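Step one of this worksheet: look at the structure below.
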Amino acid sequence: MTGVAPADGLLARARRMVARSPTAVALAEQVYRSPRLQRTPVFRRFVHQRVAGAEAAVQAGAPPLLWLETVSLGKGRGARCDPSTMAEVMAMDLFRRLVDEASAWGVDSVGLSIHGEPMIDARWIERLQYVRMAGMTYRFSSDASMLTPALAATMLELGGWAEVEFSVQGRSKPVHEATMPPRPRDLVHANIEQFLALRRAHVGEVPQVTVSCVTLAEDELPEFVRYWRPRVDRVRAGWPGEAQQTDRSVPVRGHLPVVDDAGPQMPCPAPWRKMYVYADGRVSPCSEDAALRELILGDANAQTLRQIFHGPAYAGLRERHREERRHEHRICGGCHVNPPWI
Numbered sequence: 001m002t003g004v005a006p007a008d009g010l011l012a013r014a015r016r017m018v019a020r021s022p023t024a025v026a027l028a029e030q031v032y033r034s035p036r037l038q039r040t041p042v043f044r045r046f047v048h049q050r051v052a053g054a055e056a057a058v059q060a061g062a063p064p065l066l067w068l069e070t071v072s073l074g075k076g077r078g079a080r081c082d083p084s085t086m087a088e089v090m091a092m093d094l095f096r097r098l099v100d101e102a103s104a105w106g107v108d109s110v111g112l113s114i115h116g117e118p119m120i121d122a123r124w125i126e127r128l129q130y131v132r133m134a135g136m137t138y139r140f141s142s143d144a145s146m147l148t149p150a151l152a153a154t155m156l157e158l159g160g161w162a163e164v165e166f167s168v169q170g171r172s173k174p175v176h177e178a179t180m181p182p183r184p185r186d187l188v189h190a191n192i193e194q195f196l197a198l199r200r201a202h203v204g205e206v207p208q209v210t211v212s213c214v215t216l217a218e219d220e221l222p223e224f225v226r227y228w229r230p231r232v233d234r235v236r237a238g239w240p241g242e243a244q245q246t247d248r249s250v251p252v253r254g255h256l257p258v259v260d261d262a263g264p265q266m267p268c269p270a271p272w273r274k275m276y277v278y279a280d281g282r283v284s285p286c287s288e289d290a291a292l293r294e295l296i297l298g299d300a301n302a303q304t305l306r307q308i309f310h311g312p313a314y315a316g317l318r319e320r321h322r323e324e325r326r327h328e329h330r331i332c333g334g335c336h337v338n339p340p341w342i
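Oh and the sequence shown: position 320 is 320 in UniProt numbering, straight run, nothing missing.
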């Protein structure tokens, strides 16, 4: 199948235009979350057209976006790389099989983190090498505490590093270390700055870099954004309870969560577009459930990725969302995140 349908081409151009401007991103988010807009026949028709297109892609065999959680965390404070909170590392045999299945399915890029610091894994580079041998690129999130210059240089030379998101919960030392113990703020900042220097000097493809925070107070956030925005491709930052985003080059691609308890629950793109495989092999369509891990639709230890994605649990969830019966679902019914269908 070649070429791009005119409507899809226009939508892709619109996404790129929005992504270039933080103001446009904020406006798009505000418009999309409007309950008045969401209740209009035109908007609902647009959503259902997108749902129909996503369903057609699933039936045609298109793979979802895929994340493999190489390291999970236990019931700590949510800190990424404290070994005392590490619960499980994905078995290497399972990891290799899932990478092989994904490659054969046509997945061209895989996420290698969900909740957990992936670089704490002693076999991290071995995993990256296997992903590269399968012909795929990779992306992950990290708190940067383990990203030494030597490790960063090895990863850049290996190639295929498409994206990285650094979770940096504070600009000042007291705020960062109160939010992200036991990572020293100076170590984290030094590792990121050294990596950015290596990225600038590297000949060849380099990853897109995002720095994000979600818990900063109003007096801390502006300085956080001012410091990081000239240094990286994207800054994702939020006042408590309100996600905001400043973007220089990365398309919207569904990264604007829209949360409004008063608004209608729209069909969510996740059951059509996403697959998260936890370190123990359980499979979910949704990262919003990654803390409780109750929305489980399959087990990759016993089923292939395709069997799970086309199986009755995924199909049934898609049907509920498509028929606007999301509110009936035990987990989805309690969620008011409406990711845009753009």
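Backbone N, C-alpha and C define an ideal beta-carbon position, used for all residues, glycine too.
Please read all numbers here as calculations on a predicted model, not as lab measurements.
* For THR70, is the classification buried or exposed, using 16 other Cβ atoms within 10 angstroms of its Cβ as the cut-off for buried? -> Under a 10 Å Cβ-count criterion, THR70 is classified as buried, with 16 or more other Cβ atoms of the shown protein chains found around its own Cβ.
* Asked: Can you tell me the Cα-Cα spacing of VAL209 and ARG139, whole angstroms?
  -> Computed Cα separation, rounded: 10 Å.
* To do: Could you name the residues that DSSP lists as bridge partners for PHE166?
  => PHE166 is bridged to SER142, VAL211.
* Are the beta-carbon atoms belonging to PRO118 and ALA162 less than 8 Å from one another? -> Cβ distance not < 8 Å, so PRO118 and ALA162 don't count as in contact.
* **C-beta contact flag for VAL51 and ARG322 at 8 Å** => A contact, by the Cβ cut-off of 8 Å.
* Asked: For ARG67, which three-state DSSP category applies?
  -> At residue 67 the sequence reads Trp, which differs from the Arg that was named. Strand, per DSSP.
* To do: Taking LEU295 and ASP289 to be in contact with their CB atoms under 8 Å, please state how far apart those CB atoms are, rounded to whole angstroms.
  => The pair is a contact, with the Cβ atoms about 4 Å apart (cut-off 8 Å).
* Hey, PRO267 and PRO339 are a contact pair by Cβ (cut 8 Å); roughly how many whole angstroms apart? -> Cβ atoms of PRO267 and PRO339 stay farther apart than 8 Å, at about 10 Å.
* To do: Compare the beta carbon distance of VAL164 and CYS213 with 8 Å and say whether it is the shorter of the two.
  => No, the pair does not count as a contact, with Cβ atoms beyond the cut-off.
* Asked: Should ARG318 and PRO271 be called a contact, given that it needs their Cβ atoms to be closer than 8 Å?
  -> Yes.
* **Cβ shell of LEU94 (< 8 Å), same chain only, five flanking positions each side left out** => Excluding residues up to 5 positions away in sequence, GLY281, ALA300, ASN301 lie with their Cβ nearer than 8 Å to the Cβ of LEU94 in the same chain.
* Is the number of C-beta pairs between the region 98-107 and the region 301-317 that are closer than 8 Å three or more? -> The region 98-107 is in contact with the region 301-317.
* Asked: Whose C-alpha, out of VAL211, ALA237, ALA152, is nearest the C-alpha of ALA197?
  -> For ALA197, the nearest C-alpha among the options comes from ALA152.
* To do: Tell me whether LEU221 is buried or exposed, calling it buried when 16 or more other Cβ atoms sit within 10 Å of its Cβ.
  => With 16 or more Cβ atoms within 10 Å of its Cβ, LEU221 is classed as buried.
* Asked: For GLY61, which of helix, strand or coil comes out of DSSP?
  -> GLY61 falls in the coil class under three-state DSSP.
* Could you pull out every residue in the same chain whose Cβ sits closer than 6 Å to the Cβ of VAL175, ignoring the five residues on either side in sequence? => GLU220, listed in sequence order.
* Can you tell me the Cβ-Cβ gap for SER284 and ARG293, rounded? I've got them flagged as a contact below 8 Å. => About 7 Å separates the Cβ atoms of SER284 and ARG293, confirming a contact at the 8 Å cut-off.
* TRP124 - DSSP class collapsed to helix/strand/coil -> Note: TRP124 maps to helix in three-state DSSP.
* Nearest to LEU65 by alpha carbon, out of GLY204, ILE331, VAL107? -> For the options GLY204, ILE331, VAL107, the alpha carbon positioned closest to that of LEU65 is the one of VAL107.
* To do: Name the two residues that bound the continuous beta strand (DSSP E) containing MET275.
  => MET275 -> beta strand (DSSP E) spans 274-277.
* To do: Measure the beta-carbon distance from ILE192 to ALA144 and round it to whole angstroms, keeping in mind my assumption that it falls under 8 Å.
  => Cβ-Cβ separation between ILE192 and ALA144: approximately 5 Å, consistent with a contact (criterion under 8 Å).
* **Pick from TYR130, GLY135, VAL232, GLU126 that is closest to ARG199, judged by C-alpha positions** => Checking every option, the nearest Cα to that of ARG199 belongs to VAL232.
* To do: Hey, could you find the ends of the alpha helix (DSSP H) SER103 is sitting in?
  => Element bounds for SER103: 92-105.
* To do: Using the DSSP secondary-structure output, state which residues sit across from GLU88 in a beta bridge.
  => Answer by DSSP bridge pairing, in chain order: SER72.
* In three-state terms, what does DSSP make of TRP161? -> TRP161: strand per DSSP, three-state reduction.
* Asked: TYR314 to TYR278, Cα distance in whole Å?
  -> Cα to Cα, the separation comes out at about 16 Å.
* **Simplified DSSP state of THR137, which is helix, strand or coil** => Here THR137 sits in strand by DSSP.
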